[in-house]
Ligand code: NDP
Ligand code: MG
């Protein structure tokens, strides 16, 4: 056997998945691919599996198995299909797993990976928002290492005192403010999905781009940070920083503030988790602060961006609230992308579901799935009420 590290990428065809592939394909002697997964993108999945000589490729949509088999014909790559098959490959041994499925759909696979152990690079924040305690509990129990890929959390991870968190006074997440940072609510009322997915600094999948435009993304990230960094709920702050150069900060009790900076390119935090605890080279452009010129900061405006306030409240309340918030948001964002609801309806739907649906805290993963399903049903009702 070579000394190569074995890698699985869950969500290999997405924005994070392809950035991860880009890095590992630059160093083929360092990595070997166990499994790649996607939901519907057979062509993208098959091409990546052929290039990396993956052992197995899994497509989530079971109806696409024959297409995947045809696309992999003669390659020697095994084909499988269905959500359970994704969970099965996530449970197979790999030194390093990228969890980059979007949404709560990633929860079962990421739990399977955590239970198997090894290193899990987590991009799929929705899973941690919905089932944070269960996930961090499983990681502890199985000795799995959970490394944050999300740029803010990766930045905090690099600045955080992992030996003694009581030395940390505040964790400060930066937010770009999204494409509508300076817009009024009246202006935001009629924005289209095309406008909303155009993020000023980052190129990302559709769902997280909409979350960035509503600032729900920053709210989900507050909850994500709470599960990753053991300081109290009251010690997380958000600051808007339109240039996305300072990726986040940790403030210490002596007044020192440590920050991680870089060009906005997800390959930097992904590479950090790939090489951790060492470092690896990336093709990312070096940070040219003279060209950036200035770094601006402003307080977030919860009146214009109520999603952030909803998420903060869900974090403080705990229990099932974050899972309800997340599921309602997933439904509302999908409806906005499908042009069935307006931009400002997203936060309104989430607020409505949180008002009407308050299940008890989850004790098991099945509880989380029940809460998630219940919140999705309620979000459907909220949308019917909007349409009426
Ligand atoms: P994309 O939409 O670009 O990619 C999502 C990936 O998940 C694709 O491979 C997709 O397959 C797969 N997928 C979609 N639905 C399902 C499903 N139901 N079951 C299994 N697989 C599915 O998303 P991103 O790469 O932008 O984001 C992935 C995760 O990373 C999200 O949780 C996001 O919040 C987080 N993240 C992303 C950042 C970014 O810069 N993009 C930054 C920080 C966090 P297919 O292509 O076949 O649809
Ligand atoms: Mg982020």
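Numbering (our numbering), first residue to last: 3 to 390.
Glycine included, every Cβ here is placed at the ideal spot set by N, Cα and C.
Under the 10 Å beta carbon count, residue 143 is surrounded by fewer than 16 other beta carbons and is classified as exposed.
Residue 267 sits buried, since 16 or more C-beta atoms from the chains shown fall within 10 Å of its C-beta. Proximity of the region 245-252 to the region 145-160 meets the contact definition, three or more beta-carbon pairs being nearer than 8 Å. Placement of the Cβ of residue 43 at a distance of less than 7 Å from at least one heavy atom of ligand 1 is found. For residue 268, the Cβ falls inside the 7 Å cut-off from some heavy atom of ligand 1. Spanning the alpha carbons of residue 168 and residue 281 requires a straight line of approximately 27 Å.
Assignment of beta-bridge partners to residue 176 by DSSP yields 241. By the rule of a C-beta closer than 6 Å to any heavy atom of ligand 2, the residues picked out are 152, 153, 154, 223.
Three or more beta-carbon pairs drawn from the region 132-148 and the region 368-377 are found closer than 8 Å, and the two stretches are therefore classed as touching. Separation of the CB atoms of residue 190 and residue 67 is rounded to 42 Å, and the pair is thereby denied contact status at 8 Å. Within the DSSP secondary-structure output, residue 235 pairs in no beta bridge. The beta carbon of residue 299 sits closer than 6 Å to the beta carbons of 241, 243 from its chain, once the five residues preceding and following it are set aside; these are given in chain order. Straight across, the Cα-Cα distance linking residue 206 with residue 99 is about 20 Å. Under the three-state reduction of DSSP, residue 366 is assigned to coil, being neither helix nor strand. Bounds of any beta strand (DSSP E) do not take in residue 274; it lies within the alpha helix (DSSP H) bounded by 269-277. In this structure, residue 356 lies away from residue 306, with their beta-carbon atoms at least 8 Å apart. In the DSSP assignment, residue 358 falls outside any beta strand (DSSP E) and within the unbroken alpha helix (DSSP H) covering 347-358. The region 205-223 makes no contact with the region 284-298: fewer than 3 CB pairs, one atom from each, lie closer than 8 Å. Proximity of the beta carbon of residue 10 to ligand 1 is not indicated: no heavy atom of the ligand is located closer than 7 Å. Residue pairing by DSSP places residue 251 opposite 174, 261 in a beta bridge. In this structure, ligand 1 has no non-hydrogen atom nearer than 7 Å to the beta-carbon of residue 331. In its chain, beyond the 5 residues on either side, 19, 22, 38, 100 have a beta carbon closer than 6 Å to the beta carbon of residue 11. The three-state reading of DSSP puts residue 137 in helix, counting H, G and I together. DSSP places residue 306 in no beta strand (DSSP E); its state is neither H nor E.
Excluding the 5 residues flanking it on each side, residue 376 has same chain C-beta neighbours closer than 7 Å at 359, 361, in chain order. The beta carbon of residue 337 sits closer than 7 Å to the beta carbons of 343, 385 from its chain, once the five residues preceding and following it are set aside; these are given in chain order. Closest in alpha carbon position to residue 16, among 118, 72, 125, is 125. Counted as a single uninterrupted DSSP element, the beta strand (DSSP E) harbouring residue 8 occupies residues 7-12. The three-state reading of DSSP puts residue 33 in strand, counting E and B together. Within a 10 Å sphere around the beta-carbon of residue 112 sit 16 or more other beta-carbons, which makes this residue buried. When secondary structure is reduced to three states using DSSP, residue 100 falls in the strand class.
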